[in-house]
Structure formats: structure tokens, C-alpha cells
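Using this note's numbering, read the sequence shown as starting at 327 and increasing by one per residue.
Where is the CB? At the ideal position from N, CA and C, for every residue including glycine.
Quick caveat: nothing in here was measured; it's all calculated off a predicted structure.
Everything on this sheet refers to the single structure shown next.
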Amino acid sequence: MIKSSKITRGGLYTALTILILYICSIAPTNKLTLLAVASAIIPLSILTIGIKYSFAVYCASGLLAVILGLNASAVNYILLFGVYGFIKYYVEALRKPVLEILLKLIFFICSAGLLYGVYSLLGLPLNFALNIFILSLIYIVFAFIYDYALTIIINFIDTKFKGRV
């Protein structure tokens, strides 16, 4: 694929990501679902335009989300949902299932702490109705469900659209 085609697709992926993040910032519900959909764009771009251009998509999407003032959506995308496509790509390249699970778990735990810190620093609302231990367990379960769902999406894209996208 020629370079201009990759750049064009990267621009389209960035625009689509920003559109989804914008909807996420104004929608009263389904924020996690929309963030998960936005995060699926990075693996799509890795499959279609390569890792280097996908990193540019991630950086441009994160920067535009911050510039547009999509506060919580931007923070969640930059620190967890956007970067996870790259984490998944590199971790699963190891082809060692136990190590993959451990590394993903470490990433999710670190990202939770980082998200908490950034939310506190920026003064974004943190409403915890549950004990932090229970919340952490729920977060870990969510993380593995999210990973599995993203795997299904990636496999679907890879089998149905490979070569056509």
C-alpha cells in the first residue's frame, strides 16, 4: 500500500475515533461501550496500515480529544482504551498465554492507578459507591471481558475484511 493511502486511512481512523469520543462525551449512558468501540479502531488500523501509522492515529486522536475538551473521554482513551490496542499487539506476539495474561493484568492495574491519579489531578469526578477492593475486582473482570471482546472484534475484522479494507 502506498504511503499516501496509509496517511489517508489514518486520517479517516482519527476522524472516526474523535467522532466516537465526542458522542461518548455527550451521551448520558453507554460511555464504556463507546470507549470500547473507539479502542477497536487502533487494532483495525494496525491490521490495515501498520503499527507506525497506527501510533500516529493514536497520538492524533488523543491530542485532538484534549484540544476539543473531551475531558474524561480523552483521559480514558489516552491512558487505557487507545493504548490497549498496542499493548495487546505486542503482548500477544509473545505467544505465551500465561505471560500474556499476567502482563495484561499488570497493565490494567497500572492503568487503573494512573486513571485515578489523573482524574484526581484534573479534578474530574470520582464517584465510588463500592468498596475499593470490590471495585478493583470488578475492574479486573471488566478488563478481561473487554480483552475477550476486543479479540473477537479483531478476529472478525481479520477474517471478513482482510485485503478489502
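Tell me the DSSP secondary structure of residue i in three-state form.
| i | result |
| --- | --- |
| R335 | helix |
| T359 | helix |
| L394 | coil |
| N402 | helix |
| I328 | coil |
| F454 | coil |
| A382 | helix |
Could you give the residue range of the alpha helix (DSSP H) that holds residue i?
| i | result |
| --- | --- |
| F459 | I458 to F487 |
| I367 | I367 to I375 |
| F412 | G408 to E418 |
| K430 | P423 to L448 |
Since I believe residue j is in contact with residue i (beta carbons under 8 angstroms), could you give me their beta-carbon distance rounded to a whole number of angstroms?
| i | j | result |
| --- | --- | --- |
| S446 | L452 | 7 angstroms |
| G336 | I372 | Not a contact, Cβ separation roughly 11 angstroms. |
| A362 | Y472 | 6 angstroms |
| Y339 | L370 | 7 angstroms |
| I413 | F381 | Incorrect: roughly 12 angstroms between the Cβ atoms, too far for contact. |
| G376 | K332 | 7 angstroms |
| L405 | V444 | 6 angstroms |
| A391 | L360 | Rounded, the Cβ-Cβ distance is 13 angstroms, inconsistent with contact. |
In chain order, what residues of the same chain have a beta carbon less than 7 angstroms from the beta carbon of residue i, not counting five sequence neighbours either side?
| i | result |
| --- | --- |
| G408 | S365, I368, Y384, S387 and G388 |
| K378 | none |
Who are the Cβ neighbours of residue i in its own chain at under 8 angstroms, not counting the five residues just before and after it?
| i | result |
| --- | --- |
| E426 | V417, E418 and L420 |
Shorter than 8 angstroms from the beta carbon of residue i to some beta carbon of chain B?
| i | result |
| --- | --- |
| R335 | Considering every chain present, this structure includes no chain B. It has just one protein chain. |
(Q) Does the structure place the region 334-353 close enough to the region 392-411 that three or more beta carbon pairs sit under 8 angstroms? (A) yes
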